[in-house]
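In my numbering, the protein residues as written are 331 to 616.
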C-alpha cells in the first residue's frame, strides 16, 4: 500500500495585533478545511501566525505575546486538532521559558497530543532577538505514512538543519515561514536546494500579504515544484507519495545522483574537518 500524505498549506493572514481573534480564525480555518478537503491529513500554518504580529512591528518580541508550553494556548490547539481529527502544525509562537523567549513551532496529533515542539535554531539576526534553541530540529512519525521533520523560516538558509533532519529519516520537512521581504525570491531557491540535497519533500508555507509575502512552495525529492502560491490567502493542497522519497534515495535523482546515500556511506573525513576545527562559539549576543 502506498504511503500517501495529503497536506494542506494554509497561506493565510492573521488578525493583525489580535492573537485571540487569530486563534478563533485558525479554528474556523480548520473547520473549513475539514469540510472542503475531507481526505486531507495534515494542515500547516505559517511561522508566528498565531501571534497576530507583524515581523517589523517590534525590534524584539513583545513579552505579552509569549506563552508557556504547555499552557492554555497549547491545550486549545490540542483540542482543535482532536475535534478535527487531523495533524496540525500550527506554525510557531513566542514561547516564554524562564527569562528567555523562543520562536517555537508546534505539531499536534489527531488525538490532540503535542508530538513535536521545536525552538528555532537560527533566529533572523539582527532583526529577530529570540534566543536560539539548544536541541536539534525534531522528527516525528505519522503511523503507516512516514517520518516528518520540522524547521522554521531562517533555518532554511543553513543546510545543516535540513541535513540533520534527513539523517534522522525525515521524508518530509515542514517549514513554516514568515517572510515579507524581497529575499523571498532566494528562499524559493533554497527550498528547492534543501529538497534536492536531502532527496525529500519540503513544504514551506508563508503568511499572506501584508503580514507575509505569500508565495508558499512545496518541492518534491528531485526538486520539482509541486505548488507555488500567489500573494493572497490560499489553501494549497498536495498529496505526497513518501515511497517516492525512498525510490529517489535508492536510485538517484533522475536515476543518477545518490546524494544522501553517498553522504552517509562514503563521505571522506576531510569533509567534516572544518566543522571540527571551528573556533569556539562566542557567547555574546546583540
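Quick reminder that beta carbons are idealized off the backbone N, C-alpha and C, glycines included.
Can you tell me the Cβ-Cβ gap for residue i and residue j, rounded? I've got them flagged as a contact below 8 Å.
i: residue 590; j: residue 528; result: 6 Å
i: residue 450; j: residue 482; result: 4 Å
i: residue 518; j: residue 493; result: Residue 518 to residue 493, Cβ: 19 Å. No contact.
i: residue 563; j: residue 341; result: 6 Å
i: residue 468; j: residue 480; result: 6 Å
i: residue 570; j: residue 334; result: 7 Å
i: residue 353; j: residue 380; result: 6 Å
Kindly indicate the opening and closing residues of the alpha helix (DSSP H) around residue i.
i: residue 589; result: 589-596
i: residue 581; result: 573-581
i: residue 410; result: 402-414
i: residue 350; result: 349-366
i: residue 526; result: 514-528
i: residue 369; result: Residue 369 -> no alpha helix (DSSP H), and no H or E assigned at all.
i: residue 447; result: Where residue 447 is concerned, there is no enclosing alpha helix (DSSP H), although the beta strand (DSSP E) it sits in stretches over 444-449.
Suppose contacts are defined by Cβ-Cβ distances below 8 Å. Is residue i in contact with residue j by that definition?
i: residue 421; j: residue 375; result: yes
i: residue 401; j: residue 349; result: no
i: residue 506; j: residue 377; result: yes
i: residue 416; j: residue 440; result: yes
i: residue 396; j: residue 431; result: yes
Excluding the 5 residues flanking residue i on each side, which residues of the same chain have their C-beta closer than 6 Å to its C-beta?
i: residue 398; result: 426
i: residue 452; result: 484, 485 and 488
i: residue 548; result: 533, 556, 557 and 568
i: residue 501; result: 476, 477, 530, 572 and 575
i: residue 514; result: 543 and 545
i: residue 474; result: none
i: residue 498; result: 469
i: residue 646; result: This structure gives no information on residue 646, because the portion of the chain shown stretches from 331 to 616.
Which first and last residues belong to the beta strand (DSSP E) in which residue i is found?
i: residue 507; result: 502-507
i: residue 434; result: 430-438
i: residue 420; result: 417-427
i: residue 605; result: Counting along the chain, residue 605 falls outside any beta strand (DSSP E), though it belongs to the alpha helix (DSSP H) covering 603-606.
What residues in its chain sit with their C-beta under 7 Å from that of residue i, if we drop five residues either side in the sequence?
i: residue 551; result: 525, 529, 530, 531, 574, 575 and 578
Kindly list the residues whose CB is nearer than 8 Å to the CB of residue i, restricted to its own chain and excluding five residues on each side of it in sequence; keep chain order.
i: residue 366; result: 565
i: residue 583; result: 526, 529, 551, 552, 553 and 589
i: residue 614; result: Model confidence at residue 614 stands at a pLDDT of 44, short of 50, so the residue's coordinates are unreliable and nothing is read from them.
i: residue 338; result: 363, 367, 370, 372, 373, 374, 565, 566 and 567
Of all the CB atoms in chain B, is at least one closer than 8 Å to the CB of residue i?
i: residue 476; result: Considering every chain present, this structure includes no chain B. It has just one protein chain.
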